[in-house]
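What follows is a single structure, written as structure tokens, with notes after it.
Number of protein chains: 2
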Amino acid sequence: MIGGGQLARMTHQAGIALGVRFRLLAEGPDVSAAQVVRDPVVGDYTDLDTLRRFTDGCDVVTFDHEHVPTAHLHVLEEAGVTVRPGPHALVFAQDKGLMRERLTGLGIPCPRWRKATTAEELVAFGKELGGPLVVKTQRGGYDGKGVWVLGDATYEAVEEPVATGVPLLAEEHVSYVRELSALVARSPHGQAIAYPIVESVQRDGICHEVISPAPNLEPRLATEAQEIALTLAKELDIVGVLAVELFETSDGRILVNELAMRPHNTGHWSIDGAVTSQFENHLRAVLDLPLGSPRTRAPWTVMVNVLGGTAPNMHYAFLHTQARDPELRIHLYGKEVRPGRKIGHVTTYGSDLENVLERARHAAAYLAGEIDE
Amino acid sequence: MIGGGQLARMTHQAGIALGVRFRLLAEGPDVSAAQVVRDPVVGDYTDLDTLRRFTDGCDVVTFDHEHVPTAHLHVLEEAGVTVRPGPHALVFAQDKGLMRERLTGLGIPCPRWRKATTAEELVAFGKELGGPLVVKTQRGGYDGKGVWVLGDATYEAVEEPVATGVPLLAEEHVSYVRELSALVARSPHGQAIAYPIVESVQRDGICHEVISPAPNLEPRLATEAQEIALTLAKELDIVGVLAVELFETSDGRILVNELAMRPHNTGHWSIDGAVTSQFENHLRAVLDLPLGSPRTRAPWTVMVNVLGGTAPNMHYAFLHTQARDPELRIHLYGKEVRPGRKIGHVTTYGSDLENVLERARHAAAYLAGEIDE
């Protein structure tokens with residue numbers, strides 16, 4: 398696996414049960430996943446020679462993030478390395494412009510969009526929409542970085558994104574009632590499974606809370622969301638997990654926001670809440686093993702991200718939250734605490750949604766130092 | 398953790414979520430747990446200098462097995478190393494003679510027993526019992542090794558155990574209806590949790606199948622079994638998991654067979670079948686964190702061990718079992734396949750015991766190469 402973040406850490410955790418020999422290319426000797434795997438390789442994933450040496454002898458190569466240059470991945474594939482998802486698919490997770498073109502070609506509902514590089518193009522598109530605009534860099538943004546929400550697309554407002562000098566994508570600012578996520582896994586021979594559609598709540602552009610399944614979601618929309626994800630997995634020939642972030646609009650439509658071709662924050666609930674976690678199914682998919690059941694194990698599962706607070710030592714918060722709720726599931730990523738940094742997540746499950754929500758929210762807030770009690 | 402078998406492997410897997418930095422002393426560079434942890438240390442756990450170097454800087458030291466000499470552990474404790482469970486407790490898992498003396502002193506029901514070294518003593522105890530006899534080495538036996546079942550304690554029959562030249566323990570051969578196991582975890586400040594009493598089926602002296610909870614167990618006996626385990630954990634001052642293997646007799650009694658002070662084969666079901674697994678609770682106990690709920694997540698959970706068959710490559714068996722049952726949970730230990738060797742386990746759960754049993758038994762038999770279909 399290329400990339401040593403928490404996704405690789407939790408993928409390795411799942412791979413232990415499958416008997417997988419996990420080789421990691423990490424950004425540094427002590428990043429999240431490097432702490433818990435045997436013999437992590439430290440190197441630069443943008444360097445082709447590093448990638449060549451690292452992938453030599455791997456049965457399959459997969460990713461913790463979508464930032465490996467696809468040109469390098471094509472070279473590896475031509476040299477006989479098995480890359481899953483392959484660069485022909487991964488490019489649609491890397492480049493939002495290509496993604497919008499392809500999805501629109503497939504008839505998948507998206508917000509109205511326009512590629513742009515100049516201030517004139519952005520201002521013109523803003524006028525055309527007659528409402529607020531979202532501007533993104535076509536490549537490289539994530540967790541709220543490389544994204545600008547403009548109330549009004551004036552020349553002054555578009556200055557900052559245009560100043561990046563990189564290709565941009567402008568999109569209508571959808572007036573949505575909530576965000577949903579559709580998570581599927583697909584194997585090389587085309588078997589696919591779909592997890593239930595979940596509701597995700599973002600805070601400052603970062604996934605904050607996920608409720609599985611999405612409360613009060615119309616069955617028609619749940620089916621449509623799963624079909625969109627399964628269609629995309631097939632049409633883009635994705636192997637592994639695909640997460641499709643969606644907007645549910647006030648007029649009862651769903652629109653695709655973003656794609657990720659790897660285990661995703663909106664699927665962390667599945668470790669404790671589903672028969673087979675997204676991490677295990679990602680491995681089973683890329684290893685061409687039969688996929689595991691995505692069935693939920695409780696009526697409701699809630700995941701809340703734990704962000705770093707100002708206190709560097711979480712030991713007492715850990716004691717408090719575990720003692721308060723013996724059924725709480727805590728997942729820490731081994732990261733140094735920095736304010737606002739994703740350092741873990743908590744999961745709760747049960748049959749009473751209010752209770753499940755309260756427990757997860759309290760624990761995450763307490764671990765983040767937001768509660769004094 | 399000292400010892401690099403599958404118990405350490407699964408303990409590390411649980412520790413990843415807790416953010417634990419796991420240091421391993423392994424018997425070899427590629428044993429089960431050494432494959433999946435960062436920087437395993439290879440060394441001899443019977444060598445005091447090795448233990449000294451390995452434990453330097455550890456917050457707490459715990460075990461994958463009970464074979465570390467307690468004399469060494471006392472030296473480490475005197476040097477300020479935190480050892481959990483401590484040697485004063487561990488000795489009762491190492492020495493069956495001391496264990497029987499202590500349990501009898503505490504009024505815990507045991508089979509009738511006698512320490513012995515000579516043929517004369519064994520033959521005399523056999524006559525006194527007037528029935529079959531079980532002879533064990535007081536130290537060092539496990540998984541059926543170091544145990545002799547003698548139908549009749551003749552001088553000829555006792556020859557083999559006496560020839561070992563080590564101290565022996567003779568016990569009445571209990572006519573039991575089944576074997577049970579009581580699993581508890583206890584932390585340094587005395588908090589304890591008890592898992593439900595399970596039924597375990599042995600085959601050739603090795604744990605073969607575990608049903609959680611034990612079907613049709615009288616509530617009176619379930620409570621008594623949990624109380625025995627909780628009493629022992631407290632009275633022997635055990636920190637971590639304690640497994641008490643029990644006989645249920647035909648006249649409605651339970652008797653203690655063996656003790657283990659570590660995660661135990663009869664608790665593997667808890668990974669998929671309980672809110673908190675035995676591995677996580679062992680870590681939470683030895684790290685003095687509040688313990689997690691031992692509540693079951695399904696009416697029935699069944700675990701069956703996978704033993705090595707004659708085919709060295711399990712890949713196709715793996716494909717078959719995963720495709721046949723998408724809810725099957727497979728846990729492999731990364732061990733080379735050798736006939737009769739524990740190489741993994743499978744777990745199933747659900748509300749219909751017959752169905753759950755059939756699925757787990759089929760998968761384990763298929764993975765062991767016992768089924769041609």
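So the protein lines, in turn, are chains A and B.
Mind the numbering: the first sequence is residues 398 to 770 in our numbering, read in order.
Mind the numbering: the second sequence is residues 398 to 770 in our numbering, read in order.
C-beta atoms are modelled at their ideal positions from N, C-alpha and C, and glycine is treated no differently.
Of the listed residues the options, nearest to residue i (C-alpha basis)
i	options	result
B/Gly766	B/Met700, B/Ile608, B/Ile740, B/Asp453	B/Ile740
A/Ala516	A/Val563, A/Val417, A/Arg450, A/Val488	A/Val563
B/Glu569	B/Ala589, B/Val544, B/Tyr713	B/Val544
A/Leu506	A/Pro723, A/Gly649, A/Gly412, A/Pro437	The question names Leu, but residue 506 of chain A is Pro in the sequence shown. Out of A/Pro723, A/Gly649, A/Gly412, A/Pro437, A/Gly649 has the C-alpha closest to the C-alpha of A/Pro506.
B/Lys732	B/Met711, B/Arg511, B/Leu716	B/Met711
B/Val703	B/Ala714, B/Pro696, B/Arg694, B/Val488	B/Ala714
B/Ser597	B/Glu642, B/Pro723, B/Asp492	B/Glu642
B/Thr673	B/Gly483, B/Ser429, B/Ala411	B/Ala411
A/Ile399	A/Gln432, A/Arg692, A/His471, A/Val480	A/Val480
B/Phe489	B/Ser748, B/Val465, B/Leu656	B/Leu656
B/Gly528	B/Thr447, B/Arg536, B/Met658, B/Ser572	B/Ser572
A/Gly504	A/Arg536, A/Leu415, A/Glu632	A/Glu632
Residue-level contact to chain B via CB, residue i, 9 Å cutoff
i	result
A/His409	yes
A/Val672	yes
A/Arg692	yes
A/Ala720	yes
A/Leu577	no
A/Gly416	yes
A/Ile413	yes
Minimum Cβ-Cβ distance from residue i to chain A less than 9 Å
i	result
B/Ile505	no
B/Gly741	yes
B/Pro437	yes
B/Phe419	yes
B/His728	yes
B/Gln675	no
B/Val457	no
B/Val433	yes
B/Leu688	yes
B/Arg735	no
B/Gln623	no
B/Glu568	no
B/Gly731	yes
Expected contact under 8 Å - CB spacing of residue i and residue j to nearest Å
i	j	result
B/Thr663	B/Cys604	6 Å
A/Val457	A/Leu684	6 Å
B/Gly637	B/Ala579	With 8 Å as the limit, B/Gly637 and B/Ala579 do not qualify as a contact, their Cβ atoms being about 15 Å apart.
B/Pro687	B/Gln588	7 Å
A/Asp594	A/Ala619	Strictly speaking, residue 594 of chain A in this sequence is Ile, with Asp absent from that position. Between A/Ala619 and A/Ile594 the Cβ distance is about 5 Å, and since that is below 8 Å, they are a contact.
A/Ile590	A/Asn678	7 Å
Cβ pair residue i, residue j closer than 9 Å
i	j	result
A/Pro426	A/Val439	yes
A/Tyr730	A/Gly523	no
A/Ala757	A/Thr745	yes
B/Thr646	B/Val581	no
A/Leu850	A/Thr718	Missing from the structure shown is residue 850 of chain A; chain A here goes from 398 to 770 and no further.
B/Gly670	B/Met700	yes
A/Gly602	A/Lys533	no
B/Trp510	B/Ala567	yes
B/His469	B/Leu445	yes
A/Thr514	A/Val546	no
B/His742	B/His661	no
A/Arg418	B/Arg694	no
A/Cys455	A/Arg497	no
B/Leu614	B/Ala626	no
B/Lys512	B/Gln491	no
Range covered by the beta strand (DSSP E) that runs through residue i
i	result
B/Phe644	637-646
A/Gln355	In this structure chain A extends from 398 to 770, so residue 355 of chain A is not present and cannot be described.
A/Glu606	603-609
A/Met700	697-704
B/Ile590	589-591
B/His665	No beta strand (DSSP E) contains B/His665, which DSSP labels as neither H nor E.
B/Lys512	510-513
A/Glu581	Note that residue 581 of chain A is Val in the sequence shown here, rather than Glu. A/Val581 -> beta strand (DSSP E) spans 573-583.
A/Arg497	It is not in any beta strand (DSSP E) - A/Arg497 instead sits in the alpha helix (DSSP H) that spans 493-502.
A/Tyr713	No beta strand (DSSP E) contains A/Tyr713, which is instead part of the alpha helix (DSSP H) from 712-721.
C-beta neighbour in chain C for residue i, strict 9 Å
i	result
A/Phe715	The chain inventory of the structure shown lacks chain C, comprising the protein chains A and B.
Host alpha helix (DSSP H) of residue i (start-end)
i	result
A/Asn654	Segment 651-657 is the beta strand (DSSP E) holding A/Asn654; no alpha helix (DSSP H) there.
A/Lys631	616-632
B/Leu560	Note that residue 560 of chain B is Ala in the sequence shown, not Leu. Where B/Ala560 is concerned, the enclosing alpha helix (DSSP H) stretches over 556-560.
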